[in-house]
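Asker:
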Amino acid sequence: MPGMLSRILPHEETFFKMFVELAENVNAGAKAMADLLENFNNVAVQVEVIKSLEHKGDNITHAVMKRLDQSFITPFDREDIHELGSSIDDVLDELDGSAGRMVLYKVKTIPPSVVKLVDVLQLSIEELHRGVHLLRNIHQTEELQKVLQKVNEYENEADSVFQMAVADLFRHEKNPIELIKIKEVLVGLETATDKCEDAANVMEGILIKHA
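If you number the sequence shown the way this note's numbering does, the last residue is 564 and the count never jumps.
1) Looking only at its chain, what residues have a beta carbon closer than 8 Å to the beta carbon of K370, apart from the 5 residues adjacent to it on each side?
2) Quick one: is S513 buried, meaning 16 or more other Cβ sit within 10 Å of its Cβ, or exposed?
3) Do M455 and V396 count as a contact pair if the criterion is CB distance below 8 Å?
4) Measuring straight from C-alpha to C-alpha, what distance separates T427 and T546?
5) Are the region 441-460 and the region 535-544 touching, with three or more C-beta to C-beta distances below 8 Å?
6) Please tell me whether Q379 and L389 are closer than 8 Å, where the distance is taken between their beta carbons.
7) Roughly how many whole angstroms lie between the Cα atoms of V473 and I441?
8) Please list the terminal residues of the continuous alpha helix (DSSP H) segment that includes F523.
9) Rounded to the nearest angstrom, what separates E557 and Q502 at their Cα positions?
10) Would you tell me roughly how many angstroms separate the C-alpha atoms of H435 and G410, rounded to the nearest one?
11) Do you know whose CA, among A552, K404 and P464, lies nearest G438's CA?
12) So, I559 versus F429, is the Cβ gap smaller than 8 Å?
13) Leaving aside the five residues before and after I361 along the sequence, list all residues of the same chain whose C-beta is less than 6 Å from its C-beta, in chain order.
14) Below 7 Å CB to CB, which residues in the same chain sit around A376 once its five sequence neighbours on both sides are set aside?
15) For H408, tell me which candidate among Q423, D443, E391 and V555 has the shortest Cα-Cα distance.
16) Tell me the rounded alpha-carbon separation between A383 and Q475.
17) Are the beta-carbon atoms of E534 and V460 separated by less than 8 Å?
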């Protein structure tokens, strides 16, 4: 009987551990992207590192959904668990997409604006990681609210960086093909910051429900 109950009734800690693992994996992906931009050689090899992390994230997300299907009781609403797992994983999907375009489009040089956007993205992901840890004690509302506010601020900053970067491209890049290549990379990175905000919005919803 105890063994059966342990299978039917969920260990709430399992979901928290999976969310933390997802956030840590996204963090690793952002660091790998920063390393790639700092040492922009052997690009295909470095991009493959990001791709492997993206696959790992997919596997963790799948495990979250499988656990959700098997759980009778969950720490949060089922739709919130589903949405949070998916939105955290989406961040790395976008990062991987930008990295992949560097190889696919044979990008030769990276402008400083791309590096700056990745810097902002890393800060947002770090806050997201901190927020996931705080979910274990949802009643620490003030700390979690600070995290969510920072993610929102970084998303706004990323929008500004993106807009200025595109404006600079149109002012200074004479080759229209190269302009399109870099713009596509920038779009993926800016979308990744949007996905961070999506994940933060899910956590905000959880916070409101459990306040």
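Note that the Cβ used here is the ideal one computed from N, Cα and C, for glycine as well.
Answerer: The short version:
1) Closer than 8 Å at the Cβ level, and outside the excluded window around K370, lies no residue.
2) With fewer than 16 other Cβ atoms from the protein chains shown falling within 10 Å of its own Cβ, S513 counts as exposed.
3) Yes, the pair counts as a contact, with Cβ atoms nearer than the cut-off.
4) Looking at the backbone, the Cα of T427 and that of T546 are separated by about 28 Å.
5) In the pairwise beta carbon analysis, the region 441-460 is classified as touching the region 535-544: at least three pairs are separated by under 8 Å.
6) For the record, residue 379 in the displayed sequence is Val; it is not Gln. For V379 and L389, no; Cβs fall outside 8 Å.
7) Rounded to the nearest angstrom, the two C-alpha atoms are 16 Å apart.
8) Start and end: T494 to H525.
9) Their Cα atoms are separated by approximately 10 Å.
10) Counting only the Cα atoms, G410 lies some 14 Å from H435.
11) Comparing Cα positions, the closest option is A552.
12) Going by beta carbons, I559 and F429 fall inside the 8 Å limit.
13) Model confidence at I361 stands at a pLDDT of 44, short of 50, so the residue's coordinates are unreliable; what they give is reported in the following sentence. Within the same chain, and ignoring the five residues on either side of I361 in sequence, the residues whose Cβ sits closer than 6 Å to its Cβ are F425.
14) Listed in chain order, the non-local C-beta contacts of A376 below 7 Å within the same chain comprise I441, L481, H482 and V485, local neighbours out to five positions each way being set aside.
15) In terms of Cα proximity to H408, the closest of Q423, D443, E391 and V555 is D443.
16) One C-alpha to the other measures close to 6 Å.
17) First, the residue type needs correcting, since residue 534 is Lys and not Glu in the sequence shown. At a Cβ-Cβ threshold of 8 Å, K534 and V460 count as neighbours.
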